[in-house]
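Encoded as structure tokens, the structure appears first; notes follow it.
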Amino acid sequence: MIRKIVFAAMLALAPAAQAQTGIDQRVIGEFTPTRDMTSAALGATAAFWAALDRGDLSLSYGLTAPALRDAVTLQEFTDAVAPTADFGVPRRVMRLTWHHEQPNYPGTALAVDWQVRDGDTLLGGGYLIWQLLDDGTFGLLRLDTTDLRDAQ
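Using mature numbering (1 follows the signal peptide of the UniProt record, and there is no 0), the letters of the sequence shown map in sequence onto residues -19 to -1, 1 to 133.
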């Protein structure tokens, strides 16, 4: 119940990724994502980024899937995410790849590939993997970030 309330509150605060258009979308497996599912996944992505941008890593951690929370503590999550939490806008979703009933992703998962640019300069990017949970919300299962700011 608390997770749904937090999730709904974060969606109300985070329109950025939801408003983006022209995103490449792919599907692996026998599955057709609905518009509502895609919107919810982009809303979860925007909510996660909004929490990062505000420095609220505990709220970001609250958006993770139970499997991730079982594997890492809030402190471990914070230590891993904090160095790149300050990317800020404009993060841009580049591709959505839905995985349905695949060997490495049982159930339905979504990989969200993203980048951050300053003009023509690529500052970094990565991916988020969301798991579609039984209650119809998405929980963050994995994230990877590459920070190229020091390489510039």
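Ideal Cβ positions, reconstructed from N, Cα and C, are used throughout, including at glycine.
Here's the rule I'm using: 16 or more other beta-carbon atoms within 10 Å means buried, otherwise exposed. How should residue i be labelled?
i	result
Arg72	buried
Leu38	buried
Ala21	buried
Leu33	buried
Phe58	buried
Gly43	buried
Thr45	buried
Ala63	exposed
To the nearest angstrom, how far is the alpha carbon of residue i from that of residue j?
i	j	result
Leu23	Gln56	26 Å
Val97	Thr78	19 Å
Thr15	Arg123	22 Å
Ala48	Val8	23 Å
Thr54	Thr65	18 Å
Trp111	Leu40	16 Å
Phe119	Thr26	9 Å
Gly117	Ala52	22 Å
Phe(-13)	Arg50	Residue confidence is low: Phe(-13) scores 46 on pLDDT, short of 50, so the model does not pin down where it sits. Its coordinate-derived value is still stated next. Taking the straight line from one Cα to the other gives about 16 Å.
residue 168	Trp30	Coverage of the chain is limited to positions -19 through 133, which leaves residue 168 absent and any answer about it impossible.
Thr102	Ala132	11 Å
Asp115	Ala92	18 Å
Ala28	Asp67	15 Å
Can you find the residues in the same chain that come closer than 7 Å, C-beta to C-beta, to residue i, ignoring five residues on each side of it along the sequence?
i	result
Asp125	Gly107 and Tyr108
Tyr86	His80
Can you give me the Cβ contacts of residue i inside the same chain, cut-off strictly under 6 Å, excluding the 5 residues immediately before and after it?
i	result
residue 194	The structure shown does not extend to residue 194, since the chain is modelled only from -19 through 133, so no value can be given for it.
Thr89	His81 and Leu113
Gly69	Asp34
Gly36	none
Leu(-9)	Bear in mind that a pLDDT of 43 at Leu(-9), under 50, signals an unreliable position, so the number given afterwards is only what the model happens to contain. Contacts found: Gly24 and Ala28.
Pull up the CB-CB distance for residue i and residue j, whole angstroms please, since I reckon it's below 8 Å.
i	j	result
Leu129	Gly105	5 Å
Which residues in the same chain as residue i place their Cβ atom closer than 8 Å to its Cβ, once the five residues preceding and following it in sequence are excluded?
i	result
Gly10	Trp79, His80, His81, Glu82 and Gln83
Met75	Ile4, Asp5, Asp94, Trp95, Gln96 and Gly106
Thr127	Gly105, Gly106 and Gly107
Met18	Leu113
Phe12	Trp79, His81, Glu82 and Thr89
Ala61	Val53
Are the C-beta of residue i and some C-beta of chain B separated by less than 9 Å?
i	result
Arg130	As a matter of chain content, chain B is missing from the structure shown, which is built from one protein chain.
Legend entry - Unbroken stretches of the alpha helix (DSSP H), 4 residues or longer, contained in the stretch 3 to 69: The qualifying runs are 16 to 34, 38 to 43, 47 to 52 and 55 to 62.
Inset, instruction - Report the residue ranges of all beta strand (DSSP E) runs contained in full by the stretch 64 to 120; include only those spanning at least 3 residues, in chain order. - result: Restricting attention to beta strand (DSSP E) runs no shorter than 3 residues, the stretch 64 to 120 encloses them at 72 to 83, 86 to 99 and 102 to 113, ordered along the chain.
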